[in-house]
Amino acid sequence: MKIKNLSVLVTLVLVSACVPPNDGSGDEGGASFLPFLMLLTFFLFIYFVTIRPQQKRQKEHQTLVDSLEKGDEVMTSSGLVGRVENVKDRYISIKLNENVSINMQKEFVSSKLPKGTINSIESQ
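FYI, the working numbering numbers position 98 of the sequence shown as 221, with every residue one higher than the one before it.
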């Protein structure tokens with residue numbers, strides 16, 4: 124709810140900055156660059172706070188997906204933990220336990236776990 128209120132406030136400030144003051148003299152004067160500077164500052168803020176970090180996370184995830192190899196211990200986006208058995212173009216085969224193996228798209232791997240994680244989980 125606070126984000127919605129903040130976005131309304133920012134919109135009102137930007138709109139009020141774009142409207143020239145009416146002092147009744149009828150002389151509008153020259154165009155000011157201040158509203159454009161405020162808009163530029165706003166868009167730069169949005170870029171560095173939201174867009175750029177998201178692009179960085181996507182790049183890191185793509186690097187993770189491209190580096191998957193047989194024997195890696197991984198966690199999927201659904202929380203399954205297993206060992207990579209086979210890596211193909213877009214798909215991988217993950218062995219969850221001795222009897223269960225699943226095929227899934229590489230993009231659904233959320234993280235690569237340190238070696239020995241599965242053994243430490245099973246021994247608990």
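Glycine is no exception: its CB is placed at the ideal position from the N, C-alpha and C atoms.
So the candidates are L191, E221, R175, V223; which of them puts its Cα closest to the Cα of S234?
Of L191, E221, R175, V223, the residue nearest in Cα terms is L191.
Let me check one thing: in DSSP terms, what residues is N209 bridge-paired to?
The bridge partners DSSP lists for N209 are S216.
Quick one: is G205 buried, meaning 16 or more other Cβ sit within 10 Å of its Cβ, or exposed?
So G205 ends up on the buried side.
Would a C-beta distance cut-off of 8 Å place I241 and E196 closer than the cut-off?
Their beta carbons are under 8 Å apart, which means I241 touches E196 by this criterion.
Which one of V188, L157, Y170 has the shortest CA to CA distance from Y214?
Comparing Cα positions, the closest option is V188.
By the 10 Å Cβ neighbour count, where 16 or more other Cβ atoms means buried, how is V232 classified, buried or exposed?
By the neighbour-count rule (16 or more Cβ atoms within 10 Å), V232 is buried.
Backbone CA spacing between E245 and E221 [nearest angstrom]:
For E245 and E221, the distance between alpha carbons rounds to 12 Å.
Beta carbon of K218 nearer than 8 Å to that of E230:
No. Outside cutoff.
Excluding the five sequence neighbours on either side, which residues of its own chain have a C-beta within less than 7 Å of the C-beta of Q228, listed in chain order?
Cβ within range, chain order: R213, Y214.
On the three-state DSSP scale, how would you describe L303?
In the structure as shown, the chain begins at 124 and stops at 247. Residue 303 is therefore absent and cannot be evaluated.
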